[in-house]
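Undergrad:
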Amino acid sequence: MSNELQNIKNRFGIIGNFPALNRALEKSIQVAPTDISVLVIGESGVGKEFIPKIIHSESKRKHQPYIVVNCGAIPEGTIDSELFGHEKGAFTGATATRKGYFEVADGGTIFLDEVGELPLQTQVRLLRVLESGEFMKVGSSQVQKTNVRIVAATNVNMMKAIHDGRFREDLFYRLNTVQIDMPPLRERKGDIHLLFRKFAIDFAEKYRMPELELEPNAVHYIDNYSFPGNIRQLRNLVEQMTVVERNRNITAEKLAEYIPMETHLPMVVNNQSTPKQNDFGSEREIMYKILFDMRNDINDLKSLTSELIKNRGTGDLSNHEKNLINRIYTPESQPQINSGSLLYFENNNDAPTVQTPTIISSPEDSYEDFEDIEVEENRPESLSLQNNEKDLIIKALEKHKGRRNRAADELGISQRTLYRKIKQYNLED
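The letter at position 10 of the sequence shown is residue 10 when you use the UniProt record's numbering, and the numbering goes up by one with no holes.
1) Note down, in chain order, each residue of its chain lying with its Cβ closer than 7 Å to the Cβ of residue 13, except the 5 sequence neighbours on either side.
2) If residue 79 sits next to residue 101, beta carbons under 8 Å apart, how far is it from one beta carbon to the other, in whole angstroms?
3) Just to confirm my understanding: we take residue 133, look at its own chain, exclude 5 residues before and 5 after, and list those with CB closer than 8 Å. What are they?
4) Relative to the C-alpha of residue 17, which residue among 183, 58, 61, 44 is closest?
5) Just to confirm, are residue 195 and residue 235 a CB contact at a threshold of 9 Å?
6) List the endpoints of the continuous alpha helix (DSSP H) containing residue 168.
7) When the Cα atoms are used, what is the spatial distance from residue 128 to residue 135?
8) From which residue to which residue does the alpha helix (DSSP H) around residue 431 run?
9) Going straight from the alpha carbon of residue 408 to that of residue 399, what length do you get?
10) Rank 50, 256, 119 by C-alpha distance to the C-alpha of residue 226 and give the top, closest one.
11) Which of the three DSSP states, helix, strand or coil, is assigned to residue 156?
12) Please report the straight-line C-alpha distance between residue 206 and residue 121, rounded to a whole angstrom.
13) Please return the same chain residues whose Cβ sits closer than 6 Å to the Cβ of residue 412, not counting the five positions on each side in sequence.
14) Which residue from 139, 246, 56 puts its Cα closest to that of residue 87?
15) Kindly identify the DSSP beta-bridge partner or partners of residue 199.
16) At what residues does the beta strand (DSSP E) containing residue 39 begin and finish?
17) Here's the rule I'm using: 16 or more other beta-carbon atoms within 10 Å means buried, otherwise exposed. How should residue 91 be labelled?
18) Whose C-alpha, out of 323, 294, 290, is nearest the C-alpha of residue 304?
19) Buried or exposed: which applies to residue 376, given that a residue is buried once 16 or more other Cβ atoms fall within 10 Å of its Cβ?
20) Alpha carbon to alpha carbon, how far is residue 224 from residue 261?
21) Suppose you measure from the CA of residue 185 to the CA of residue 71; what does that come to, to the nearest Å?
The structure is reproduced here in structure tokens:
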């Protein structure tokens with residue numbers, strides 16, 4: 001390792017010797033003397049903010065302003081004003097002219113963190129600054145010049161954002177003149193214990209408490225933990241344990257209480273050895289059952305409509321019609337219809353009430369053109385449904401050893417309907 005690289009690590013408190021980390025730091029030192037745009041790519045919490053600091057400190061702009069802008073933390077309606085400034089009266093609340101970050105940082109460096117969160121309109125303005133160094137304040141028509149070095153960072157998949165129309169492709173390539181990739185902590189296995197010790201020393205000094213130490217099994221544990229929050233998660237873990245734990249020797253079991261190891265167990269799909277209630281073996285059979293229920297309801301509606309048409313809406317309902325109405329419109333827990341009337345529900349409390357239908361007719365009305373609607377049980381398109389319905393009934397009866405009440409509950413039909421189906425398919429013992 002070169003002395004220059006080691007000096008950079010010492011100055012900025014960077015711990016680790018992982019090759020990808022060293023490569024990212026070396027790239028930063030190489031591009032620092034130039035004004036080239038840099039894009040830092042990496043997951044959240046990997047320490048991307050160190051790269052622009054290194055670039056600025058090693059550049060000829062190191063004595064000029066260095067400004068950090070979190071693009072994801074600024075509301076969309078005000079980000080243009082924050083970046084480029086605004087004139088007095090440009091919008092409600094603009095009581096005075098204000099300089100933006102690009103004007104304040106003239107001659108220095110701007111770090112645009114989470115640049116992937118920029119609105120599209122702001123991306124157009126930023127592209128103009130990168131190409132010509134020109135910008136205009138919000139509410140102004142005067143073009144201003146700025147000389148700013150831009151370093152951007154993001155944790156989003158930029159190519160996917162471009163494909164989804166959330167980020168301009170031309171701006172991406174303009175920012176990505178040099179790309180620096182920061183490795184996630186889970187890949188830096190040899191560095192995790194070093195970072196733990198560094199944070200343990202820092203927080204022991206901060207809180208004036210003894211330093212935490214890891215047992216050998218705990219070192220193995222954290223080296224194999226995925227750390228989805230990366231260095232930020234490790235830092236918070238050490239700080240929390242420094243304050244909470246009384247025993248300063250940390251074991252793997254104690255670490256597991258704070259960061260349980262993820263387990264990826266195989267999922268058992270359609271295990272026939274452990275059947276469950278209302279499990280008919282496959283999704284296909286469940287869909288057939290739903291189709292049977294729908295077909296029965298439609299056939300009952302057809303029959304009811306035909307009977308009402310034949311009665312010319314007189315309200316003098318037969319027992320068959322009453323049974324059909326009760327089956328279609330009345331839950332089993334509610335009182336059954338017992339007179340020539342229709343059941344409907346009020347919207348206020350869904351309580352069942354009875355109202356006699358009002359039918360407007362004239363002597364010229366004729367119902368002779370209506371034909372009786374019959375339930376077509378043997379049409380070709382319904383043969384497969386019938387076969388599957390028969391198979392489902394047989395399975396349910398075999399499963400419950402002929403107990404029709406339990407078989408009916410599993411099939412989701414009444415015992416009366418099940419009895420009718422048994423007779424229809426000649427399933428009598």
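The C-beta atom is built at its ideal place from N, Cα and C for all residues, glycine as well.
TA: Once the coordinates are examined:
1) In the sequence shown, residue 13 corresponds to position 13, counting from 1. Correct list: empty, nothing qualifies.
2) Position 79 of the sequence shown, counting from 1, holds the residue named residue 79. Position 101 of the sequence shown, counting from 1, holds the residue named residue 101. The Cβ separation is near 10 Å, so there is no contact.
3) Residue 133 sits at position 133 when you count from the first residue of the sequence shown. Annotation for residue 133: 145, 146, 147, 148 place their beta carbon closer than 8 Å to its own, counting only its chain and skipping 5 residues before and after.
4) One-based indexing of the sequence shown puts residue 17 at position 17. Of the candidates 183, 58, 61, 44, the one whose C-alpha sits nearest the C-alpha of residue 17 is 183.
5) As a working note, residue 195 is residue 195 in the sequence shown. As a working note, residue 235 is residue 235 in the sequence shown. With contacts defined as CB atoms closer than 9 Å, residue 195 and residue 235 qualify as a contacting pair.
6) What you label residue 168 is simply residue 168 of the sequence shown in a count that begins at 1. Where residue 168 is concerned, there is no enclosing alpha helix (DSSP H), given that its DSSP letter is neither H nor E.
7) Position 128 of the sequence shown, counting from 1, holds the residue named residue 128. Position 135 of the sequence shown, counting from 1, holds the residue named residue 135. Approximately 7 Å between the Cα atoms of the pair.
8) Missing from the structure shown is residue 431; the chain here goes from 1 to 429 and no further.
9) What you label residue 408 is simply residue 408 of the sequence shown in a count that begins at 1. What you label residue 399 is simply residue 399 of the sequence shown in a count that begins at 1. Roughly 12 Å separates the two Cα atoms.
10) Position 226 of the sequence shown, counting from 1, holds the residue named residue 226. From the listed residues 50, 256, 119, the smallest Cα separation to residue 226 is found for 256.
11) Translated into the one-based positions of the sequence shown, residue 156 becomes position 156. Residue state, collapsed to three classes: coil.
12) Working through the sequence shown from its first residue, we reach residue 206 at position 206. Working through the sequence shown from its first residue, we reach residue 121 at position 121. Distance from the CA atom of residue 206 to the CA atom of residue 121, rounded to whole angstroms, is 45 Å.
13) Position 412 of the sequence shown holds residue 412. Excluding positions up to five away in sequence, the list is empty.
14) Here residue 87 is taken as the residue at index 87 of the sequence shown, counted from 1. It is 139 whose Cα lies nearest to the Cα of residue 87.
15) One-based indexing of the sequence shown puts residue 199 at position 199. Residue 199 is not bridged to any residue.
16) Locating residue 39 in the sequence shown gives position 39, counting from the first residue. In the DSSP annotation of this structure, the continuous segment of the beta strand (DSSP E) that includes residue 39 starts and ends at 38-41.
17) Start at 1 with the first residue of the sequence shown, and residue 91 comes out as number 91. With fewer than 16 Cβ atoms within 10 Å of its Cβ, residue 91 is classed as exposed.
18) Within the sequence shown, the letter at position 304 stands for residue 304. When each option's Cα is compared against that of residue 304, the closest is 323.
19) Here residue 376 refers to the residue found at position 376 when the sequence shown is read from its first residue. In this prediction, residue 376 scores a pLDDT of 45, lower than 50, which makes its location untrustworthy; the coordinate-derived value is nonetheless stated afterwards. Label assigned to residue 376: exposed.
20) Here the question's residue 224 lines up with position 224 in the sequence shown. Here the question's residue 261 lines up with position 261 in the sequence shown. Spanning the alpha carbons of residue 224 and residue 261 requires a straight line of approximately 9 Å.
21) The residue labelled residue 185 in the question sits at position 185 within the sequence shown. The residue labelled residue 71 in the question sits at position 71 within the sequence shown. If I take the Cα positions, the gap works out to 24 Å.
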